[in-house]
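Structure first, then comments.
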Amino acid sequence: MAVTLDIAHRSSPVEPASETPSLIGLDRDDLAAALLSAGVPERQIRMRIAQLWHWLYVRGVSDFDAMTNVSKDLRKLLAEGFSLARPEIVSEQISVDGTRKWLIRFPPRGAGRPVEVETVYIPEEGRGTLCVSSQVGCTLTCTFCHTGTQTLVRNLTAEEILAQIMVARDRLGDFPDAETPQGAIVPSEGRLISNVVMMGMGEPLYNFDAVKKALLIASDGEGLSLSRRRITLSTSGVVPMIGRTGDEIGCMLAISLHAVRDDLRDELVPINKKWNIEALLDACRAYPGLSNAKRITFEYVMLKDVNDSLAEAKELVRLLKGIPAKINLIPFNPWPGSPYECSDWERIEEFADVVNRAGYASPIRTPRGRDIFAACGQLKSETERLRKREREALEAGA
Ligand code: SF4
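Per UniProt numbering, residue 1 is the first one in the sequence shown, and the count goes up by one each step.
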């Protein structure tokens, strides 16, 4: 049975994040400026940054008092001007398959009211993947995606993108000295969060600066230390930003492709009207660092009688010729009011066979967390959540 914990009002040693400026999400230059403005002497800045970086991103502390090698006076000074508070977790849902979904609330920051996003943890054999959101809602309207029905409220800041990783590591006990919660389904060895995918709510390349800053901090070897090979940014196809993603972030790239003809992709992924399949694949071919060891993942959602013919499988193979690629076939995850059905399992396997025979790895992504609406394309925040009646109807049909 799926479990939902409403933990928003539990007493916690960590105060909810406020509008007080946070030190999380600042790069080293920003951190230097913040410390100088707080009155830290210039000759100490490098040393203080190294100390803070370690406490924030290696130890995961959320209280200045825990920084035992920082003098009491400086801790007091920092606490007066800055916050390390985690955002409020409104709820934590745990699926029967161990997938966890958090609804996280951030301050308004111009939105007029607090905003909420969803973050999902997917444990698998040998790895644990965190699916992180980049925007509250989305400006795009991909017709198979539930998030696409929620208009954009605002972009997340670098702090808020990183905070999703920090919250997940807190809740999983994935910082040193922290305990993994009892009953948590996690990989048997290694880091509990070994991979990050920017595939949650929003189009990350429409929030490039904040996403870049957050991912560079997440991959910094003296902090959270996530390998860039284990960070994947998924885009619906913002062509002009694809080269910069490779050059400036250096992470793995995933493309929400979902169709092999422009007329159909115009409908499923409307950004295609701006940058069509040809332009998108040209940008992929030029992706910095592309090689057999650094392949692009093409995501293809399986929609019954829409994009799942074997002729389309063959066309997919033809289109991707010459691009080091993996193809992820995603069984469609329904949501109330969605206009599509998932392809039959037999058809998904036949489609996968065509792609496999052409030499592409094409795992069929097992739907995870369906019972807590955590599966691909199902994320939507509290501001526009399913009404209880809709949820019950969907659960009855699951
Ligand atoms: S698939 Fe991504 S880009 Fe498209 S509507 Fe959903 S969140 Fe936005």
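For glycine and all other residues, C-beta sits at the position ideal for the given N, C-alpha and C. Note that the structure is a prediction, hence the values are computed from the model and not measured.
For residue 265, count neighbouring C-beta atoms within 10 Å of its own C-beta (all shown protein chains included) and say buried if the count is 16 or more, exposed if not.
Buried: at least 16 other Cβ atoms inside 10 Å.
Leaving aside the five residues before and after residue 19 along the sequence, list all residues of the same chain whose C-beta is less than 7 Å from its C-beta, in chain order.
107
Which residues in the same chain have their Cβ closer than 8 Å to the Cβ of residue 84, if we skip the five residues on either side of it in sequence?
22, 23, 24, 56, 61, 62, 63 and 64
Could you give the distance in angstroms between the alpha-carbon of residue 286 and the alpha-carbon of residue 320?
13 Å
Taking buried to mean at least 16 other C-beta atoms within 10 Å of its own C-beta, is residue 112 buried or exposed?
The residue is exposed, with fewer than 16 neighbouring Cβ atoms inside 10 Å.
So, do the region 243-250 and the region 304-322 have three or more beta carbon pairs nearer to each other than 8 Å?
no
What would DSSP say about residue 129, mapped onto helix, strand or coil?
Of the three classes helix, strand and coil, the one that applies to residue 129 here is strand, per DSSP.
Mind reading off the beta-carbon distance from residue 236 to residue 203? Whole number of angstroms is fine, and I expect it under 8 Å.
In this structure, residue 236 and residue 203 form a Cβ contact; the two beta carbons are roughly 6 Å apart against a cut-off of 8 Å.
Residue 358 in three-state terms, based on DSSP:
coil
Pairwise C-alpha distance: residue 208 and residue 167
22 Å
What are the boundary residues of the beta strand (DSSP E) that includes residue 118?
115-124
Quick one, are the C-beta atoms of residue 75 and residue 163 less than 8 Å apart?
Not closer than 8 Å, so no.
For residue 44, count the other beta carbons within 10 Å of its own beta carbon; 16 or more makes it buried, fewer makes it exposed. Which is it?
exposed
Endpoints, beta strand (DSSP E) assigned at residue 102
100-106
Collapsed DSSP secondary structure at residue 19 in the structure displayed:
coil
Rounded C-alpha distance that separates residue 341 from residue 105:
32 Å
With distances taken from CA atoms, which of 303, 323, 307 and 347 is nearest residue 333?
303
Please report the residue range of the alpha helix (DSSP H) in which residue 165 lies.
158-172
Verify whether the separation of the beta carbon atoms of residue 160 and residue 234 is less than 8 Å.
No, these two residues do not count as a Cβ contact at 8 Å.
Can you list the alpha helix (DSSP H) stretches of 4 or more residues lying completely in the region 209-284, in chain order?
Complete alpha helix (DSSP H) runs here, min 4: 239-244 and 262-268.
Do residue 342 and the ligand SF4 come close, with the Cβ less than 7 Å from some heavy atom?
no
For the ligand SF4, any of its heavy atoms closer than 7 Å to the Cβ of residue 145?
The beta carbon of residue 145 sits closer than 7 Å to at least one heavy atom of the ligand SF4.
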